[in-house]
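Colleague: So that we are looking at the same thing, I have put the structure below in structure tokens.
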Amino acid sequence: MTSFVPAVRACCARASLRAARPATRSFATSTRLQRQGPGTGENFEQANDPTPRKLTPNVSQTNAEGVTAMGNRDGVLQQSVESQEKQRQMQAPNRARPWSRNQQAREVAMSGPRFEQTIMDLQPQPPAAIELIHKQPVRWVDAKSVACDGGGGPLGHPKIFINLDKPQICECTYCGLPYAKKAHKEYLQSLPSTTYPLEPSNDPAQVQMPQTASMKGEIQGHYPPLKGEVDAEAVSGAQR
Numbered sequence: 018m019t020s021f022v023p024a025v026r027a028c029c030a031r032a033s034l035r036a037a038r039p040a041t042r043s044f045a046t047s048t049r050l051q052r053q054g055p056g057t058g059e060n061f062e063q064a065n066d067p068t069p070r071k072l073t074p075n076v077s078q079t080n081a082e083g084v085t086a087m088g089n090r091d092g093v094l095q096q097s098v099e100s101q102e103k104q105r106q107m108q109a110p111n112r113a114r115p116w117s118r119n120q121q122a123r124e125v126a127m128s129g130p131r132f133e134q135t136i137m138d139l140q141p142q143p144p145a146a147i148e149l150i151h152k153q154p155v156r157w158v159d160a161k162s163v164a165c166d167g168g169g170g171p172l173g174h175p176k177i178f179i180n181l182d183k184p185q186i187c188e189c190t191y192c193g194l195p196y197a198k199k200a201h202k203e204y205l206q207s208l209p210s211t212t213y214p215l216e217p218s219n220d221p222a223q224v225q226m227p228q229t230a231s232m233k234g235e236i237q238g239h240y241p242p243l244k245g246e247v248d249a250e251a252v253s254g255a256q257r
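Residue numbers (our numbering): 18 to 257.
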């Protein structure tokens with residue numbers, strides 16, 4: 018009995034030390050659970066909000082007052098509040114809303130004190146390519162299918178094979194160039210409107226793309242270049 022009491026006391030002492038010892042393991046919330054949403058690589062879809070947040074103007078009234086700009090381009094930094102607010106809400110000069118699921122609205126991104134006194138006329142505002150590509154005229158093809166490579170070369174893309182059996186304008190899923198079969202031209206011309214112009218227009222946004230040997234299709238009113246002309250242009254460009 019005398020040997021049992023010291024053993025019990027030793028066990029009680031060890032148990033009390035374990036209870037008093039602080040926990041060394043730290044339980045941290047997973048970083049993956051903390052960082053989820055747009056721009057983190059996770060698939061994000063905005064849920065429907067029955068009471069959406071009201072967007073408030075984010076332009077300072079002081080921008081309407083003229084301020085002298087000191088530098089190479091001396092002038093007055095001045096812009097009306099209405100004009101700035103319109104440019105801040107436009108996704109691009111030729112596009113009002115986002116055109117991609119993972120794209121954030123510009124009016125949400127450009128908010129806060131940083132953009133209150135920003136003169137929007139002096140900020141880069143590139144046009145949206147998704148609107149510019151719809152200015153390209155249709156390229157008419159005799160065959161039932163066409164392979165588009167964007168013109169080839171370093172600015173081209175892998176070949177995309179497009180089926181032209183249906184009487185409709187078929188665009189390349191890589192660069193967006195429109196193609197159609199010549200047999201369907203009369204039907205497409207009878208339609209009240211089309212997604213792409215059927216012939217060249219005088220729109221300044223319609224950029225004349227360089228003709229290459231791999232560029233298929235014929236634009237109405239334009240004749241495809243001969244192989245010798247393409248080779249001559251390639252040689253002259255290399256000599257420059």
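Don't be surprised by glycine CBs; every beta carbon is placed ideally from N, CA and C.
Would you call I179 buried or exposed, if buried means 16 or more other Cβ atoms sit within 10 Å of its Cβ?
Modeller: It counts as buried.
Colleague: Alpha carbon to alpha carbon, how far is L164 from W157?
Modeller: The amino acid at residue 164 is misidentified as Leu; the sequence shows Ala. A164 and W157: Cα-Cα distance of roughly 13 Å.
Colleague: Q134: which of K183, K198, N111 and N80 sits nearest, CA to CA?
Modeller: With distances taken between Cα atoms, Q134 lies closest to N80.
Colleague: Report yes if the CB atom of Y213 is closer than 8 Å to the CB atom of P184, and no otherwise.
Modeller: Their beta carbons are not under 8 Å apart, which means Y213 does not touch P184 by this criterion.
Colleague: Closest to A200 by C-alpha separation, out of K233, V76 and A160, would be which residue?
Modeller: Ranking the options by Cα distance to A200, first place goes to A160.
Colleague: Quick check on this structure: which residue in E124, V93 and K198 has the alpha carbon closest to the alpha carbon of R70?
Modeller: When each option's Cα is compared against that of R70, the closest is E124.
Colleague: Using a Cβ-Cβ cut-off of 7 Å (strictly less than) and excluding sequence neighbours within five positions of H174, which residues of its own chain qualify?
Modeller: Cβ neighbours of H174 beyond the five flanking positions: D166, G167, Y191 and C192.
Colleague: What's the gap between the Cα of P141 and the Cα of N111?
Modeller: Looking at the two C-alpha atoms, the distance is approximately 14 Å.
Colleague: In this structure, does DSSP put N119 in helix, strand or coil?
Modeller: Coil, per DSSP.
Colleague: Is T68 helix, strand or coil when you go by DSSP?
Modeller: DSSP places T68 in coil when its eight states are reduced to three.
Colleague: Grab me the residues of M232's own chain with a C-beta within less than 6 Å of its C-beta, minus the 5 sequence neighbours each way, in chain order.
Modeller: Cβ neighbours of M232 beyond the five flanking positions: G168.
Colleague: Below 7 Å CB to CB, which residues in the same chain sit around D220 once its five sequence neighbours on both sides are set aside?
Modeller: Taken in chain order, the residues that qualify are K152.
Colleague: Using only alpha-carbon positions, find the residue among P130, T211 and D182 that is nearest to N75.
Modeller: Ranking the options by Cα distance to N75, first place goes to P130.
Colleague: If you compare alpha carbons, which of T68, A113 and L139 is closest to Q95?
Modeller: When only C-alpha atoms are compared, the closest one is L139.
Colleague: Three-state secondary structure (DSSP) at V163?
Modeller: Looking at V163 - three-state DSSP - the assignment turns out to be strand.
Colleague: Spell out whether any CB of chain D is found under 8 Å from the CB atom of F178.
Modeller: The question asks about chain D, but that chain is absent: this structure has only one protein chain.
Colleague: Rounding to the nearest angstrom, what Cα-Cα distance links A126 and T73 in this structure?
Modeller: Using only the alpha carbons, I get a separation of about 13 Å.
Colleague: From I259 to K202, what distance separates their C-alpha atoms?
Modeller: Residue 259 falls outside the range modelled here, since the chain spans only 18 to 257, and no answer is possible.
Colleague: Kindly indicate the opening and closing residues of the alpha helix (DSSP H) around A8.
Modeller: Missing from the structure shown is residue 8; the chain here goes from 18 to 257 and no further.
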